[in-house]
Every structure is written in structure tokens, then in C-alpha cells.
Amino acid sequence: VTTDNRHYPVDYSLDYLEEILDPERFFRINRKYKISLPAIQDIVSYSNSRLKIRLKHSTDEDVIVSRERVSEFRLWLDR
């Protein structure tokens, strides 16, 4: 889903997308999501030192940064 709410089916695994997408622009927050900074609407603390992200144009309520990726995600946000 793009920031202007366009949906594009992608027939690649997230592992492959991680290889081809610019790591400065996209970050893999968990096993299901790879996000870009403009797609983030809000970030809140969540249980067990995790973060909960509300994405623009997302229908999923809980998009959680995995515990293993929180510190790396914070560094990515601060760059």
C-alpha cells in the first residue's frame, strides 16, 4: 500500500524485498511488514519493550515492531 492508498500486489517474499529495497527508505519491523517513514502515522510504546505503529491507510489495528528489532528501528528513525 502506498502513502496515497494505492494497492499493488507484490509476488516477492519480504526477504527478497529486503535485498532490493533501499534500507535508508524501508525498514522491516517484523515478519509481515516492511515500512517507510512517510507511511507512519503514529508510534506508541507497547508491552514487553515493543512498539506499536499506526500506519496511514492500513486496515490492521496492531502493527508491532518485534522486540528484536526495536533498537535497530529507533536508530533507523533517528538517522
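Using this note's numbering, read the sequence shown as starting at 496 and increasing by one per residue. The C-beta atom is built at its ideal place from N, Cα and C for all residues, glycine as well. Remember, predicted model here, so these are calculated numbers, not experimental data.
Which residue from Asp510, Phe522, Asp499 and Tyr503 puts its Cα closest to that of Ile559? Phe522
According to DSSP, is Asp537 helix, strand or coil? strand
Determine the extent of the alpha helix (DSSP H) in which Leu509 is found, giving its start and end residues. Leu509 to Ile515
Kindly confirm or deny that the stretch 500-509 and the stretch 536-546 touch, where touching means at least three C-beta pairs closer than 8 Å. no
Taking the alpha-carbon positions, what's the Leu516 to Thr554 distance? 23 Å
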